[in-house]
Structures are given as structure tokens and as C-alpha cells.
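Start counting the sequence shown at 0; every next residue gets the next number (numbering that gives the first Met the number 0).
Backbone N, C-alpha and C fix where the C-beta goes; we use that ideal spot for every residue, glycine too.
Single-structure report; data block below.
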Amino acid sequence: MELNADKQLIRKVLSNKNRYNIPRYQREYSWEQDETSEYFNDILKQLKFDNGTVQSDDYFMGSILLTGDYNSSGKQLDVVDGQQRLTTITILLSALAEAFIKIKEPGLYDIVWEYIIGKDDNGDEYPILYNEVQYPYFQYYIQRKQREKIEPTCEEEDRIKDAFEYFEKCLEEENLRKMISIIAPEKDIKLYSYKELLKGMRDQMSDGELQSGVTAN
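What follows is the structure in C-alpha cells.
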């Protein structure tokens, strides 16, 4: 079986009209706050601050292993390894989109959602990341613009909710400024608008690199 490995930007991985399927045999979502906080802080550490603008920098976000035809858009690929990371990326993107809509930036909100919900050639929407084990909280809250009032029904959903609420809290303006001030104490964060800080987060995430290994079915 041939394995093709390459580094891909997150924006390409999540915007190639491909669907990423997490098979039933994959272990449930297991990241706790230690992992989610480390991931969030790693993203913040890569931000570059220059004259009122926030710029992204090279950032390796980990590895995923897929099966399928990655080079052809519109295909379904099974996630053999990396579902924890892809799920966490989706959760953070959802929280980031929520932050943009709270500051009345629908354009930036829609851009972020393009990495969560795709459209096929007929214009029908589909979740870019799909889990064969149905988790309603992830499907109807994390992956829906119109979030349904739904509560977790299992430990995995509890962890997904905890991750979303943690990211949501980190992205609040006061908390985000405090965290950046700790990471980059030499910078005067007051010079940067909240919108610019959120855009920097979005760019850093979409410009992050994943080592993607793909095996043909």
C-alpha cells in the first residue's frame, strides 16, 4: 500500500470539498483542558505583532493519516489517525466564529464557517468533519450556525462542550489580551484592536500546517 506524505495548510485541508470521516473504530474524543490549553497557547505564541497588525507565522499543528484520494476534490477520506486534532480544530473554529458574530463581523464569521461546513457542487451543505458515531452535541451545536439548545449525553460530549467553552472564554477580549500580554510582554497590546487580534487567530489557524499522510483505498 502506497503512502503519500506532505505538509498541507489547514485552509487547504478543510476547503478542498473533501469530507473527513471518522470511522466507528476510532477512540472517542479524549482531550482534556491540559491539551486544549496547550494547543491554544501554541497558536498564540506564533502570532507576530507589527505596527497595529497581527500576522501569522509558520506553525506545525501535528499529523493526520487518511485513506482515500486526497488529490481529487469532493472525495470522502477516512481519518485513520488525527481525529483528536481535527475535532479540536473544528471546535476552536466554531468558538472563533462565535466571537466574530458577537462583534458584528458577519463576513469574518462566514469565512471561518467555510472551514466547518462545506458545499457540494449542488450547493448542498455538509459537515467537513463527520463522525460515524453520532454525537448530537457536536453535530447540532458545534457544527451548526443556528446552534440548537442541546446538552451532552455522554463523557465524550462533555469533553467537547468543555473544550468549546474553554476556547470561547479564552477568546473573550479581556482574557485574550491578558494571555497575549503574558506571551508577548514586550508588546503594547492596547495598540491592537480586538478585531485585529481575532483575525490574527484566524490567520494563524488557517496558515498552520498539518503533516498529512494518505494511503489509497
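For this session: Would you kindly report the start and end of the unbroken beta strand (DSSP E) that includes Glu124?
Result: Glu124 to Pro126
Problem set entry | Straight-line gap, Glu230 to Lys101 (C-alpha atoms, nearest Å) | Residue 230 cannot be examined here, being either before or after the span of the chain that is shown, 0 to 216.
For this session: Would you mind sorting Tyr125 into buried or exposed? The rule is 16 or more other CB atoms within 10 Å of its CB.
Result: exposed
Exercise. Which whole runs of the alpha helix (DSSP H) in the region 96-156 are 4 residues long or more, in chain order?
Worked result: 105-112
Problem set entry | Cut-off 7 Å between Cβ atoms - residues of its own chain near Ile149, not counting five sequence neighbours on either side | Pro135, Tyr136, Tyr139 and Tyr140
For this session: Under the assumption that Lys233 contacts Phe48 (Cβ atoms under 8 Å), give the Cβ distance between them as a whole number of angstroms.
Result: Limits of the chain in this structure are 0 at one end and 216 at the other, which puts residue 233 out of reach.
Problem set entry | Opposing strand residues paired with Asn20 [DSSP bridges] | Asp77 and Tyr129
Exercise. When the Cβ atoms of the region 92-111 are set against those of the region 165-175, are three or more pairs found closer than 8 Å?
Worked result: yes
Exercise. For Phe99, is the classification buried or exposed, using 16 other Cβ atoms within 10 angstroms of its Cβ as the cut-off for buried?
Worked result: buried
Exercise. So, do the region 79-86 and the region 60-69 have three or more beta carbon pairs nearer to each other than 8 Å?
Worked result: yes
Problem set entry | Status (buried if at least 16 other CB within 10 Å, exposed otherwise) for Glu171 | exposed
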